[in-house]
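Taking it in order: structure first as C-alpha cells, then the write-up.
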Amino acid sequence: FRIINRKCIRIYNFKSKKSKQTCFGFLHKPYCGYCDRMIEVLSDDWISTKIKKDFVFVDIYIKDTGTITYKNFKGTRREFAQFLGYDFYPTSIFINKHSEVVYVQPGYQDDFKYLNLLDYISSTSYEEIGIEEFEELNK
Numbered sequence: 520f521r522i523i524n525r526k527c528i529r530i531y532n533f534k535s536k537k538s539k540q541t542c543f544g545f546l547h548k549p550y551c552g553y554c555d556r557m558i559e560v561l562s563d564d565w566i567s568t569k570i571k572k573d574f575v576f577v578d579i580y581i582k583d584t585g586t587i588t589y590k591n592f593k594g595t596r597r598e599f600a601q602f603l604g605y606d607f608y609p610t611s612i613f614i615n616k617h618s619e620v621v622y623v624q625p626g627y628q629d630d631f632k633y634l635n636l637l638d639y640i641s642s643t644s645y646e647e648i649g650i651e652e653f654e655e656l657n658k
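Residue numbers (our numbering): 520 to 658.
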C-alpha cells in the first residue's frame, strides 16, 4: 500500500460523490513515530484492500505544498487540519458524499481496531449507532 493522491480534497470528494464511496483523508506529518506506525497499519493487506474497495483515499501529508479546498475553506494542509479542529497527527477523517465530515479518528489504532473502524464507516453504521456499540455488536 502506497500513500498517494496528494491533491485537492474537492477533486476526491467529487470522485467520492460519483462512486458513492466515503472520502478518507489521512493526516500525517514527518518525524512522527505514531504516523509511521499508522502507515504500517494502512499497509496491512486486509486494511489496504478494504480502503481500495470502499473509500476514496486522500493522503494529507502536512508538509506537502499545494492547496486544499473544502466547502468555504481554502488553504494549506496544516491549516485544513486546524480548520477541522484536529491539529493532531495521525488523524483519519471521513467525509461523506454530501461533503460532511462524518467521523474523525485522531491517533494511532492497531490493525484490528482500525479494520473495525473502516467497517463502521463503510457500513454507514455511524448514522444509527456509536462506534462503541458497533464494536460490541461485532465482537
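Note that CB positions come from ideal geometry on N, CA and C, so glycine has one too. On a predicted model such as this, the values are computed, not experimentally measured, just so you know.
- Under the three-state reduction of DSSP output, Tyr-605 falls in the coil class, being neither helix nor strand.
- In terms of Cβ geometry, Asp-573 and Ser-644 do not form a close pair [threshold 9 Å].
- Per DSSP, Thr-610 is not a residue of any alpha helix (DSSP H); the beta strand (DSSP E) it occupies stretches across 610-614.
- Residues of the same chain with a CB within less than 6 Å of the CB of Ile-581, apart from the 5 flanking positions on each side, are Lys-548, Arg-596, Arg-597 in chain order.
- Separation of the CB atoms of Lys-593 and Thr-586 is rounded to 6 Å, and the pair is thereby assigned contact status at 8 Å.
- Lys-539 and Ile-612 have their alpha carbons spaced roughly 16 Å apart.
- For Phe-543, the closest alpha carbon among the candidates Asn-591, Asn-615, Leu-634, Gly-649 is that of Asn-615.
- The closest CA to that of Tyr-553, considering only Glu-646, Tyr-633, Pro-609, is found on Pro-609.
- With fewer than 16 other CB atoms across the displayed protein chains lying within 10 angstroms of its CB, Thr-568 is exposed.
- Here the alpha carbons of Gln-601 and Ile-650 stand approximately 24 Å from one another.
- By the 16-neighbour rule on beta-carbons within 10 angstroms, Asp-564 is exposed.
- Between the alpha carbons of Ile-566 and Tyr-633 lies a gap of roughly 8 Å.
- Judged by DSSP secondary structure, Tyr-550 falls outside any beta strand (DSSP E); it is assigned neither H nor E.
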